[in-house]
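**Student:** In my numbering, the protein residues as written are 19 to 234.
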């Protein structure tokens with residue numbers, strides 16, 4: 019496609035996975051995604067990232083309030099929930115708070131749900147970190163699946179694209195080269211795999227609407 023003269027703005031919302039705990043900034047998956055989009059001819063600006071390691075859904079809401087990003091954005095991504103699961107927070111709470119975040123993401127995208135892409139929560143249950151903590155891998159997997167089911171349901175309700183990267187996290191996700199030194203967070207190589215899967219949805223999102231005209 020022909021590159022737009024005006025850079026397409028991208029807002030990435032999340033937690034440690036979005037900020038890229040333990041990796042260089044250029045290895046963060048939103049940065050790799052923007053690079054991938056540029057390779058296909060999209061004039062995408064560097065992503066504005068609102069994310070911090072450890073954030074739950076309510077903490078991301080507060081973080082957005084503090085950062086106060088100014089829409090509209092041509093692309094908005096959301097990946098949140100692993101810390102809700104890790105801290106034993108309820109699915110009902112997650113459903114309510116995730117839905118609120120999803121609606122906020124849509125608002126940042128100028129009211130266009132088609133401009134929003136949600137990534138599923140990866141499964142950390144097979145990581146060396148989980149083993150060192152004595153974590154029950156089967157239980158963690160079941161809980162991650164339950165949280166992802168809620169997220170996928172809310173995305174379906176709001177007609178938002180949902181990208182499953184959980185399967186990738188379970189396929190060799192415990193390998194040394196797929197993790198950073200803490201034995202928990204993904205490496206740039208793992209984020210590259212996520213990017214490959216997310217790229218088609220992001221391309222579709224950018225091409226879905228001719229323009230955005232609402233300020234969030």
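Ideal Cβ positions, reconstructed from N, Cα and C, are used throughout, including at glycine.
None of these values were measured; they are calculated from a predicted model.
(1) By Cβ distance, which residues of its chain are closer than 6 angstroms to residue 100, with the 5 residues on each side in sequence left out?
(2) Please return the same chain residues whose Cβ sits closer than 6 angstroms to the Cβ of residue 206, not counting the five positions on each side in sequence.
(3) Within the same chain, show all residues whose beta-carbon is closer than 8 angstroms to that of residue 226, passing over the 5 residues directly before and after it, in chain order.
(4) Could you please give the first and the last residue of the uninterrupted beta strand (DSSP E) stretch that includes residue 238?
(5) For chain D, find out if any of its Cβ atoms is closer than 8 angstroms to the Cβ of residue 69; answer yes or no.
(6) Apply the 10 Å Cβ neighbour rule to residue 157 and answer buried if 16 or more other Cβ atoms are within range, or exposed otherwise.
(7) Which one or two residues does DSSP pair with residue 28 in a beta bridge?
(8) Could you compute how far the alpha carbon of residue 164 sits from the alpha carbon of residue 171?
(9) Tell me which residue opens and which closes the alpha helix (DSSP H) that residue 124 is part of.
(10) Output needed for residue 198: all residues of its chain with C-beta closer than 8 angstroms, excluding positions within five of it in sequence on either side, in chain order.
(11) Is residue 98 helix, strand or coil by DSSP?
(12) Per DSSP, which residues does residue 103 bridge with? Please list them.
(13) Between the C-alpha atoms of residue 80 and residue 121, what's the straight-line distance to the nearest angstrom?
(14) Is it right to say residue 191 is buried, meaning 16 or more other beta carbons lie within 10 angstroms of its own, or is it exposed?
(15) For the alpha helix (DSSP H) that residue 63 lies in, which residues bound it at each end?
(16) Look at residue 213 and residue 47 and say whether their C-beta atoms are less than 8 angstroms apart.
(17) Look up residue 41 in the DSSP assignment and say whether it is helix, strand or coil.
(18) With respect to 7 angstroms, is the separation between the Cβ of residue 140 and the closest non-hydrogen atom of the ligand SAH below this value?
(19) For residue 69, does the three-state DSSP call read helix, strand or coil?
(20) Check residue 202 in the structure and name its three-state DSSP category.
(21) For residue 85 and residue 36, I'd like the C-alpha separation in whole angstroms.
(22) How far does the beta strand (DSSP E) with residue 135 in it reach, from first residue to last?
(23) Would you please state the rounded distance, in angstroms, between the beta carbons of residue 126 and residue 75? I believe it to be under 8 angstroms.
**Tutor:** So, from the listed chains and residues:
(1) Locating residue 100 in the chain shown gives position 82, counting from the first residue. Contacts found: 139.
(2) For this step, residue 206 is matched to residue 188 along the chain shown. Excluding positions up to five away in sequence, the list reads 41 and 45.
(3) The residue given as residue 226 occupies position 208 in the chain shown. Closer than 8 angstroms at the Cβ level, and outside the excluded window around residue 226, lie 130, 132 and 133.
(4) Outside the shown range of the chain, which is 19 to 234, sits residue 238, and nothing can be said about it.
(5) Absent here is chain D; the protein component of the structure consists of one chain.
(6) As a working note, residue 157 is residue 139 in the chain shown. The residue in question, residue 157, is exposed, as its Cβ has fewer than 16 Cβ neighbours within 10 Å.
(7) On the chain shown, residue 28 is found 10 positions in, with the first residue counted as 1. Its beta-bridge partners are 93.
(8) Walking along the chain shown from the start, residue 164 turns up at place 146. Walking along the chain shown from the start, residue 171 turns up at place 153. If I take the Cα positions, the gap works out to 11 angstroms.
(9) Along the chain shown, read from residue 1 onward, the residue named residue 124 stands at position 106. Per DSSP, residue 124 belongs to the alpha helix (DSSP H) from 109–126.
(10) The residue you call residue 198 lines up with position 180 of the chain shown. Excluding positions up to five away in sequence, the list reads 39, 40, 41, 204 and 205.
(11) As a working mapping, residue 98 is identified with position 80 in the chain shown. Of the three classes helix, strand and coil, the one that applies to residue 98 here is coil, per DSSP.
(12) Against the chain shown, residue 103 aligns to sequence position 85. According to DSSP, which records beta bridges pairwise, residue 103 is partnered with nothing at all.
(13) Here residue 80 corresponds to residue number 62 of the chain shown, with the count starting at 1. Here residue 121 corresponds to residue number 103 of the chain shown, with the count starting at 1. One C-alpha to the other measures close to 15 angstroms.
(14) For the purposes of this step, residue 191 is taken as the residue at position 173 of the chain shown. The residue in question, residue 191, is buried, as its Cβ has 16 or more Cβ neighbours within 10 Å.
(15) Within the chain shown, numbered from 1, the residue matching residue 63 stands at position 45. Neither: residue 63 is in no alpha helix (DSSP H) and is coded neither H nor E.
(16) Locating residue 213 in the chain shown gives position 195, counting from the first residue. Locating residue 47 in the chain shown gives position 29, counting from the first residue. Yes, the Cβ-Cβ distance between residue 213 and residue 47 is below 8 angstroms.
(17) Locating residue 41 in the chain shown gives position 23, counting from the first residue. Residue 41 falls in the coil class under three-state DSSP.
(18) In the structure shown, the ligand SAH is absent, as is every other ligand, since no ligand is present at all.
(19) Indexing the chain shown from 1 puts residue 69 at position 51. It is a strand residue.
(20) Taking the chain shown and counting its residues from 1, the one referred to as residue 202 is at position 184. The answer is coil: DSSP assigns residue 202 none of H, G, I, E or B.
(21) Looking up residue 85 in the chain shown gives position 67. Looking up residue 36 in the chain shown gives position 18. Taking the straight line joining both Cα atoms gives about 15 angstroms.
(22) Mapped onto the chain shown, residue 135 falls at position 117. 134–137 is the extent of the beta strand (DSSP E) around residue 135.
(23) Within the chain shown, numbered from 1, the residue matching residue 126 stands at position 108. Within the chain shown, numbered from 1, the residue matching residue 75 stands at position 57. Residue 126 to residue 75, Cβ: 16 angstroms. No contact.
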